[in-house]
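Okay, structure first, notes after.
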Amino acid sequence: MSAALRVRDLHVTFPTARGPARVVRGLDLEVAPGETLAVVGESGSGKSVSMLAVLGLLPGSASVTGSAELDGRELLGAGEKELRALRGPGVGMVFQDPMTSLNPVLTVRRQLVEGLRAHAGRDGARRGRDALLARARDLLDEVGLPDPDRALRSFPHQLSGGQRQRVMIAVALAHDPAVLVADEATTALDVTVQAQILRLVRRLQDEHGTAVVWITHDLGVVAGIADRVAVMYSGRVVETGPTGEVYASPTHPYTRGLLGSLPDIDDPATGADRADLAAMPGLPPDPVDPPAGCAFAPRCPVADPACAGAPQELREVGPGHAAATRCPVPAAAAVGAGVSRG
Ligand SMILES: Nc1ncnc2c1ncn2[C@@H]1O[C@H](COP(=O)(O)OP(=O)(O)OP(=O)(O)O)[C@@H](O)[C@H]1O
Ligand SMILES: [Mg+2]
1 MSAALRVRDL
11 HVTFPTARGP
21 ARVVRGLDLE
31 VAPGETLAVV
41 GESGSGKSVS
51 MLAVLGLLPG
61 SASVTGSAEL
71 DGRELLGAGE
81 KELRALRGPG
91 VGMVFQDPMT
101 SLNPVLTVRR
111 QLVEGLRAHA
121 GRDGARRGRD
131 ALLARARDLL
141 DEVGLPDPDR
151 ALRSFPHQLS
161 GGQRQRVMIA
171 VALAHDPAVL
181 VADEATTALD
191 VTVQAQILRL
201 VRRLQDEHGT
211 AVVWITHDLG
221 VVAGIADRVA
231 VMYSGRVVET
241 GPTGEVYASP
251 THPYTRGLLG
261 SLPDIDDPAT
271 GADRADLAAM
281 PGLPPDPVDP
291 PAGCAFAPRC
301 PVADPACAGA
311 PQELREVGPG
321 HAAATRCPVP
331 AAAAVGAGVS
341 RG
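Under UniProt numbering, residue 342 is the last one in the sequence shown; the count climbs by one each step, no gaps.
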């Protein structure tokens, strides 16, 4: 199946006083229609910057190279007008900072109804004003806003952080996008509302085949919703595969570290428990001077001198499962891979 979003060899470099900061260094990822890809990795690993780069939302000072195709159409290097046309109906975005996704000078009602109208127009199904407004109210209700009518009348700054977050999700979903990029979309929300939103996204995905890129620190959410997971370290994917496979047989020492102190996840679907990425000793690499070899080697408990040599390429370690490490597949992984292959 062709990918809804395919990113190849993405590089993002920012100028800094100390020299160019290579924040994303050869990122590859893709997500198919109807699929959920979770992107995890510690703070500063380049998760948000990658997605902002793909969507053409970084400041002009950033240098971006590589390829990012939305349903086969190249986004990188597209002009602003062309990009808006591709991105508008194609991608719904929920970013860490709600003000990146919401227009501060328009009421929630304007932003929601506009999205719904754009989509209705595309379907050729001209819906009346009242129907659009009713749908807007329903969406706000579905994302758990207690007073949808008040929210509709409000400007973004008149809402609380959690309310803005939910409005942003509703606005992103109003377009019925082919790809939804959600960057820590539910982090600020309590577990009940979070579970409600995850269910809503799942339903839309089932109904419309939405591809979802879900960026999160919350491994409980990953386990609950993601078909596949991509682990980022220092601007690259260091391990990727089906979620169950990666959780059962993490192969890169960084992934093993992240999952190492994972508390029991009671029931990710209901958000009964939350499990954040384990804090790892040591500091992430300096993007101005990234290590030549495996970027994790300086912090890695099992690195040997050869790890500091050539950078590690992703290699297959199980069905659909790849890791960029010289480490052998751990015993549990070898068993898992053997069972599923045979
Ligand atoms: N405009 C900018 N100029 C220079 N450096 C930047 C800029 N924006 C981001 N960076 C740097 O890029 C790196 C990656 O940042 P990014 O926001 O993508 O991290 P992240 O993985 O999303 O982290 P978090 O989990 O905290 O959200 C960081 O080192 C950050 O300081
Ligand atoms: Mg981020």
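Using N, Cα and C, we set each Cβ at its ideal position, and we do this for glycine too. All values derive from a computational prediction rather than experimental measurement.
- Under the three-pair Cβ rule at 8 Å, the region 84 to 93 counts as touching the region 48 to 58.
- Here the C-alpha atom of Gly46 lies approximately 21 Å from the C-alpha atom of Ala211.
- In the DSSP assignment, the residues bridged to Ala182 are Val94 and Trp214.
- Its chain contains Pro291, Ala303, Cys307 and Ala308 as the residues whose beta carbon lies nearer than 7 Å to that of Ala297, once the 5 sequence neighbours on both sides are disregarded; these appear in chain order.
- Near ligand 2, meaning a Cβ closer than 7 Å to any of its heavy atoms, lie the following residues in chain order: Lys47, Ser48, Gln96, Asp183, Glu184 and Ile215.
- Under DSSP, Val246 forms no beta bridge with any residue.
- Our two residues, Ser43 and Phe95, have alpha carbons roughly 15 Å apart in a direct line.
- Beta-carbon to beta-carbon, Pro253 and Pro301 are separated by about 7 Å, close enough to satisfy the 8 Å threshold.
- One thing to note: Val222 has its Cβ no nearer than 8 Å to the Cβ of Thr240.
- Taking the Cβ atoms as the reference, Arg166 lies roughly 13 Å from Leu152, outside the contact range of under 8 Å.
- Residues of the same chain with a CB within less than 6 Å of the CB of Leu102, apart from the 5 flanking positions on each side, are Pro156 and Met168 in chain order.
- Residue environment: Ser234 is assigned as buried (16 or more neighbouring CB atoms within 10 Å of its CB, all protein chains considered).
- Contact check for Leu258 against Tyr247 fails: the beta carbons are separated by 8 Å or more.
- It is roughly 39 Å from the alpha-carbon of Val143 to the alpha-carbon of Val317.
- When DSSP assignments are scanned along the region 38 to 115, the uninterrupted stretches of alpha helix (DSSP H) that are 4 or more residues long and fall wholly within it turn out to be 47 to 54, 80 to 90 and 98 to 101.
- Residue Val179 holds the alpha-carbon nearest to the alpha-carbon of Ala32 among Ser154, Thr65, Val171 and Val179.
- Counting along the chain, Gly26 sits inside the beta strand (DSSP E) bounded by residues Ala21 to Val31.
- Relative to the non-hydrogen atoms of ligand 1, the Cβ of Phe14 comes within a distance shorter than 7 Å of at least one.
- Exposed is the label assigned to Leu106, since fewer than 16 other Cβ atoms lie within 10 Å of its Cβ.
- Measuring C-alpha to C-alpha distances from Val12 to each of Val91, Arg25, Glu245 and Val237 identifies Arg25 as the nearest.
- Following the DSSP letters along the chain, one finds Asp9 inside the beta strand (DSSP E) bounded by residues Leu5 to Phe14.
- Per DSSP, reduced to three states, the secondary structure at Val143 is coil, with no helix or strand assignment.
- Apart from sequence neighbours up to five positions away, the residues of its chain that approach Val108 with a beta-carbon distance below 6 Å are Ala151, Leu152, Ser154 and Val167, ordered along the chain.
- Taking 8 Å as the cut-off, the beta carbon of Leu76 is found no closer than this to the beta carbon of Ser63.
- Straight-line measurement puts the Cα of Pro146 at about 15 Å from the Cα of Gln158.
- For Pro285, the shortest C-beta to heavy atom distance toward ligand 1 is 7 Å or greater.
- Burial check for Leu283: the Cβ neighbour count within 10 Å stays below 16, so the residue is exposed.
- If you draw a straight line from the Cα of Pro319 to the Cα of Leu132, it is about 45 Å long.
- The three-state reading of DSSP puts Thr251 in coil, since its state is none of H, G, I, E or B.
- Of the candidates Val237, Leu219 and Thr192, Val237 places its Cα closest to the Cα of Val7.
- For Arg315, the enclosing beta strand (DSSP E) stretches over residues Arg315 to Gly318.
- The nearest non-hydrogen atom of ligand 1 is 7 Å or more from the C-beta of Ala3.
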